[in-house]
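Protein chains in written order, with this note's numbering: chain A, 1 to 155; chain B, 1001 to 1285; chain C, 2001 to 2717.
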């Protein structure tokens, strides 16, 4: 077990994990931050997308021990039910979710996508949101939500 | 599955990293972004006893401009390759290819050095480095060593890197006057790995090709140069017919590493079409 | 009241606050992990769990040697064999051992150390290889296996064109992003399961009977289910295992299927082989339809993919024969998957219709119009409501179908061949009995309760809209509690049945509540009531306004409740939903990769309660159709007897970049027969008819006729 200080959503957590534990498992099982979802555990679905130092990554392909000294942001850290992030609000308004299980990953990807500026057209949004599978296939609505959020971001 | 247990160390200098690698012996493995390695660990395709995390070695994250070359630190991420002004100006092929690697989340962690060292025959960056005649810069207990990319990739997931050596950077020539580039990639659907990739650099003077570098991803057990096509292009007129004729020289004997259920005949056809399109696209770059 | 309303569970889901089955905390939580068989049929000859037991943190390892004994489950569809009861393996992926540990990584580590020796038995996994052993299936719960009306031979003899063709569809996997998961707790003799399920009552029935527990000692909860698409409808071994282990060990335990396990731990959509005979006169009148379907079932249970169901009702035709046969193979039991039956079946029929249209030189839409069925041609019953003609007309208008050139290969843009195709969608309407309860509190809150599930179809949002419509209040004043076997009983959330079935019960409960309020307020239960906040307006000749707190205080109650229920009765009518799907594809000239450029679909599905969530159902269904047409295929290695790519890279799902412009509309409709609220079902309908529309468009673009799904590059070379 390796002692580790993990900085998540602005809070420091002192935890002990084995070196082989992924950031995803540390978030869900050690810190009980279950907003970040496990869909495939091998970097194929995007449900585990979080931000590390502001950049979107798949937390299932990141070892927890490698995140020391970095700033991890999960879906719980960007907005709340009472005060949602503009991207989160856009997802609800556009019905960009159904079962909701891929949604936190989509939201984290969408926030990054807007910040990265890959929202020039619907096709660009589609390409840059294609790392996140949505089996309910709310893709059209996700594109609309990202488009709305990007317009608000630019304004 | 879960990875077999391993120890973990995060050195802060290249020297310490090399020392750790040597101390770890055959069980030591370098981890950079982990985008390929963590998947392999999870499935126990590799079972290192020690992971040496090179993510904090600042020297390996630098892009250094030399008079005629660019030295790109091994842990430069695909995302950085896509956006770095010097890479875009002097080695635009690497920027183009970076956009095709994985998905946006993977590109934020996946590194050039990791991709080159991983040597997946279907990997996009190795083909680009090969097309660029890049050199692989390696540090080891015996000091620095520079390996031409043509000698670096020796088999599927196998390179000329010794177990105690660390890939610290890739040196590529700055793109000169008259050169244009393109990377054409084909996958069966948006989320599938590369079925075939063609990295192209061509130089034209007037209405004539004067030089051509073409490398293919996933057409063999390593990235390969399409030498016959290159030879046919040099001196040829810049016309679609000439390009088609040259591309048709790809003989279809390729041995794709990841076949994805597609026939040999289709792959051969695909290689010819993509090569033609890549050269044509490079011309209009 | 009803109308476009953003989903009420949206804020919880976009912020990560929504808690799914495997996300509940418990101080004594343990983790279970399955060991599954690597071979499709075998006898387990030796078991060695000692290495696994030595892993620190491991609490127990169970195999058939030491697992508690179970009883055959009754009362709900169960798709597995009883787990860990004997030394036989019937399919690759069958659970053969389970490890329980304090931490997840300990359980996963120990799984790799359980040693089982297998004596392999011969096993066939290719249903085509055992086609001659296929049996006529007994009547399935979806209707008879075989039907026949009219004289098929006479119809064929009368025809000018007779198409005989074989079609096939691939095995597919549901692949919800949330893999199946069960969290089980045993406390004080009561078993509580939090389960990723489409049917809490199914889980309850199977688990209580398998464990021989009284019904009142088992409770199943599902606040959110992360997608199902059929995979979480039947009950499967992992749920029984989790329940069994919790009772055996006490405390709380979590079992989550890995993605790879999700390919074999529950059913899949079976591949199909379909043979069609479609006979027509030169004028384009169908004279005979024969549709013979073959699909695999497992060696231990029966599932029939009723692919010819659609052919029984789709077109007016004097002679229609349909048959279904199943061949047993060594796999987990196939199971319904969006859309079952008509999903694969309408592909065959609708491509056949396109083939006949080409043969006759009649526009494909015109041919369908000429054979439009005014009544169900097999049962002879009238349809409950059928707006298909309006779907054709509106769809054609939106798509611009009138401008379609007849000849194949005649639309071209640069390197792209463009093709236009269309197809009819037909889906049987499934209905289940349902009950609900509505309670009005003194502060104005209305709590509606029904033990159904929210799998993403909008149930949390729609049910309050329906109750609010009856009570005259804003929907925000109503909340729904669901996903709990302690609540009034409903069916599964499957078969596109929930809105119409549970919605009818919720409406009945709200009406009963309104009547009770009217009675309590004025003595007359027929008086009209209208609720707004804490004001209750009762109109009984005169208009009286009551404050709820005052009224309830006067009555000496905290709240007023009423129950309602609904069950399907009407069987004098044939109940189906319909649609017309139009597709434009572009096929690269050199690399014949078809891409869908746009889809237009118009549906006849009864009343639409919430157009916002309904649109999501249909656009989602269209994307499922794209997946079925172009991407999704689970390949079996028959030598090893297993699926090849049990992951989300090998099994190709549509991603955002695969999705074109989608244009969806509904015909304005109210179906007075199918349900109490005018609705039929929509969730599955959207994925029907898409693949044939795409395949027909590919033919229009290239002249290549595709008869198997997904469309392979080689088909178009």
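We treat Cβ as the ideally placed atom computed from N, Cα and C, and that holds for glycine.
Just so it is clear, the structure is predicted and the values come from calculations on it, not from any experiment.
In the DSSP annotation of this structure, the continuous segment of the alpha helix (DSSP H) that includes residue 2156 of chain C starts and ends at 2152 to 2158.
In this structure, the CA atom of residue 2232 of chain C is about 13 Å from the CA atom of residue 2256 of chain C. Look at residue 84 of chain A: its C-beta is under 8 Å from a C-beta on chain C.
Closer than 8 Å to the CB of residue 1084 of chain B there is not a single CB belonging to chain A. The continuous alpha helix (DSSP H) containing residue 1078 of chain B extends over residues 1078 to 1083.
About 25 Å separates the Cβ atoms of residue 2617 of chain C and residue 2711 of chain C, ruling out a contact at the 8 Å cut-off. In the DSSP assignment, residue 2218 of chain C forms a beta bridge with C:2191. At least 8 Å separates the CB of residue 1 of chain A from every CB of chain B. By the rule that beta-carbons nearer than 8 Å mark a contact, residue 1189 of chain B touches chain C.
Residues of the stretch 6 to 30 of chain A whose Cβ lies closer than 8 Å to any Cβ of chain B, in chain order: 18, 19, 20, 22.
Judged by DSSP secondary structure, residue 2573 of chain C falls outside any beta strand (DSSP E); it is assigned neither H nor E.
Relative to the Cα of residue 2717 of chain C, the nearest Cα in the group C:2117, C:2591, C:2541 belongs to C:2591. Identification of residues in the stretch 2694 to 2716 of chain C having a C-beta nearer than 9 Å to some C-beta of chain B yields 2712, 2713, 2714, given in sequence order. One Cα belongs to residue 2450 of chain C, the other to residue 2475 of chain C, and the distance between them is close to 17 Å. Fully enclosed beta strand (DSSP E) runs of no fewer than 3 residues occupy 2416 to 2428, 2434 to 2441, 2446 to 2449 of the stretch 2416 to 2460 of chain C, in order along the chain.
In this chain, the alpha helix (DSSP H) harbouring residue 2342 of chain C covers 2342 to 2360. Close partners of residue 2652 of chain C in chain B (Cβ separation under 8 Å): 1188, 1189, 1191, 1192. The DSSP assignment places complete beta strand (DSSP E) segments of no fewer than 3 residues inside the stretch 2519 to 2582 of chain C at 2528 to 2532, 2535 to 2540, 2542 to 2547, 2559 to 2566, in order along the chain.
Only those residues of the stretch 111 to 126 of chain A whose C-beta falls short of 8 Å from the nearest C-beta of chain B are listed: 112, 113, 116, 118.
In this structure, residue 133 of chain A and residue 48 of chain A do not form a Cβ contact; the two beta carbons are roughly 11 Å apart against a cut-off of 8 Å. Straight through space, the alpha carbons of residue 2118 of chain C and residue 2053 of chain C are spaced by roughly 20 Å. Per the coordinates, the alpha-carbon of residue 1019 of chain B lies some 7 Å from the alpha-carbon of residue 1141 of chain B. When the beta-carbon positions are compared, residue 2338 of chain C and residue 2230 of chain C come within less than 8 Å of each other.
Counting the other CB atoms within 10 Å of its CB gives residue 1045 of chain B a total below 16, which places it among the exposed residues. Per DSSP, the unbroken alpha helix (DSSP H) holding residue 2244 of chain C starts and ends at 2237 to 2249. For residue 74 of chain A, a Cβ of chain C is located within less than 8 Å of the residue's own Cβ. Under the Cβ distance rule, residue 2234 of chain C does not count among the residues neighbouring chain A, no pair being separated by less than 8 Å. CA-to-CA, the gap between residue 1097 of chain B and residue 1041 of chain B works out to about 26 Å. Restricting attention to beta strand (DSSP E) runs no shorter than 3 residues, the stretch 2365 to 2409 of chain C encloses none.
Assigned with DSSP and collapsed to three states, residue 1266 of chain B falls in helix.
Exposure of residue 1089 of chain B is indicated by the presence of fewer than 16 other C-beta atoms within 10 angstroms of its C-beta. For the stretch 1082 to 1110 of chain B, the set of residues with a beta-carbon nearer than 7 Å to any beta-carbon of chain A comprises 1103, 1104, 1105, 1106, 1108, 1109, in chain order.
In the DSSP annotation of this structure, the continuous segment of the beta strand (DSSP E) that includes residue 1029 of chain B starts and ends at 1028 to 1031.
Following the DSSP letters along the chain, one finds residue 2065 of chain C in no alpha helix (DSSP H), marked with neither H nor E.
In terms of Cβ geometry, residue 154 of chain A and residue 143 of chain A do not form a close pair [threshold 8 Å].
Taking residue 2189 of chain C as the centre and dropping the five residues before and after it, the same chain places the C-beta of 2217 closer than 8 Å to its C-beta, in chain order.
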